[in-house]
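In what follows, a single structure is set out as structure tokens and then discussed.
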Amino acid sequence: MLVHSATGRWAVWSLFGLLFLPLFALPLLVVVAASFATHWSGAFPSGPTTANYASAVRGESLQALTTSLVTAVAASLLALTVGTWAALAGAALGKRGKRSLDALFMLPVAVPSVVVGLAVLVAFSRPPLLLTGTGSIVVLTHTILVTAFAHQSVSAAIVRLDPAYEQAAASLGARPGYVLWRVRLPLLLPSLTAAAGLCFALSMGELSATMMLYPPDWMPLPVRIFTATDRGSLFSGSAVAVVLMATTLLVLPAVSRIRTKASYR
């Protein structure tokens, strides 16, 4: 820490605890507590049980978790591919072209996600691109929503790249394609993995746009949580929410480990 005195460190940690616990930790802890409860007793859940998790890891909930994982992985890979390509193209277009490209990719973030869902639903509701009623429209919508974050992350990393590596490779006779695959992309690997993790987490938690266009056979886990709590099944919905959080938290450290290894290459 930048604070060197014991009193200063104590004050900083106290301030962190006062801000972190009420704003971030406490709501999540309430969800975790509710997932092990059967009813409310005053302001706290009570009636300890693990029965809520029995339904959260099987049947429709397990299918919804699988759907969310497939959607998040597919959307993250597509967003990473498109965002990286656009970032590389923007770096070669100059300042004006890069600004235009950045604005284009930031448009889905500048409007509510439900508007993006409505736009995709209208755009792909007729042939020849009829995606309504399929899981592909959910993957496409998630890709549109998270591509901006992949693009911005990779764009920032490209600006920080030392051009000496590419110049050295080119001076030794390497073709542009070889320089891209063997020099530039490996140097960008830490940022690529960070962008992939962010896109995955955002896709796993996306609800608003998904509610507008998901088909009955392609229900992601956030929709499952919403429908459970909307029917009054608060405690089973909390258990499903904990499963969602745990799954996301299990994937992100794996991505972070890849990023750490890549940074030492």
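Residue numbering for the sequence shown follows this note's numbering, starting at 11 and increasing by one per position. Just so it is clear, CB atoms sit at the ideal spot from N, CA and C, and this is done for glycine as well.
Measuring only the C-alpha atoms, how far is residue i from residue j?
{"i": "Y274", "j": "P200", "result": "At Y274, the pLDDT of 47 sits below 50, so the modelled position is not reliable and the matter cannot be decided from this model."}
{"i": "L111", "j": "S165", "result": "11 Å"}
{"i": "A120", "j": "G69", "result": "37 Å"}
{"i": "A21", "j": "S15", "result": "10 Å"}
{"i": "M116", "j": "L223", "result": "22 Å"}
{"i": "V125", "j": "A219", "result": "7 Å"}
{"i": "A178", "j": "L197", "result": "14 Å"}
{"i": "Y63", "j": "V40", "result": "16 Å"}
{"i": "S163", "j": "W95", "result": "12 Å"}
{"i": "A160", "j": "R241", "result": "36 Å"}
{"i": "V80", "j": "R192", "result": "29 Å"}
{"i": "A174", "j": "G100", "result": "20 Å"}
{"i": "P55", "j": "M214", "result": "26 Å"}
{"i": "A211", "j": "L260", "result": "11 Å"}
{"i": "F30", "j": "W23", "result": "10 Å"}
{"i": "L139", "j": "I147", "result": "10 Å"}
{"i": "G187", "j": "L98", "result": "12 Å"}
{"i": "A256", "j": "G104", "result": "42 Å"}
{"i": "W50", "j": "M229", "result": "29 Å"}
{"i": "R106", "j": "R19", "result": "46 Å"}
Going by DSSP in three states, residue i sits in which element: helix, strand or coil?
{"i": "S243", "result": "coil"}
{"i": "S56", "result": "strand"}
{"i": "A16", "result": "helix"}
{"i": "W228", "result": "coil"}
{"i": "Y274", "result": "With a pLDDT of only 47 at Y274, under the threshold of 50, the placement of this residue in the model should not be trusted; the figure read from the coordinates follows. Correct three-state label for Y274: coil."}
{"i": "V261", "result": "helix"}
Comparing C-alpha positions only, which one of the options sits nearest to residue i?
{"i": "V250", "options": "G27, P32, S65 and S24", "result": "S65"}
{"i": "P263", "options": "A97, R241, G93 and L208", "result": "L208"}
{"i": "A85", "options": "G145, G27 and R192", "result": "G145"}
{"i": "A246", "options": "L195, L33, Y175 and S71", "result": "Looking at the sequence itself, residue 246 is Ser, so the reference to Ala does not match. If we check each option's Cα against that of S246, S71 comes out closest."}
{"i": "L131", "options": "A211, F30, M221 and A97", "result": "M221"}
{"i": "P225", "options": "T77, A102 and V189", "result": "T77"}
{"i": "L171", "options": "L25, L202 and R194", "result": "R194"}
{"i": "A204", "options": "R106, G183, L90 and L190", "result": "L90"}
{"i": "T60", "options": "W50, V42 and G52", "result": "V42"}
{"i": "A167", "options": "G18, L202 and S181", "result": "L202"}
According to the Cβ coordinates, are residue i and residue j closer than 7 Å?
{"i": "T157", "j": "G93", "result": "yes"}
{"i": "P58", "j": "F46", "result": "yes"}
{"i": "L88", "j": "T151", "result": "no"}
{"i": "L217", "j": "L231", "result": "no"}
{"i": "R234", "j": "A82", "result": "no"}
{"i": "S135", "j": "L155", "result": "no"}
{"i": "S248", "j": "A44", "result": "yes"}
Fully enclosed by the segment 108-180, which alpha helix (DSSP H) runs are 4 residues long or longer?
Segments of the alpha helix (DSSP H) lying fully in the segment 108-180: 123-133 and 145-170.
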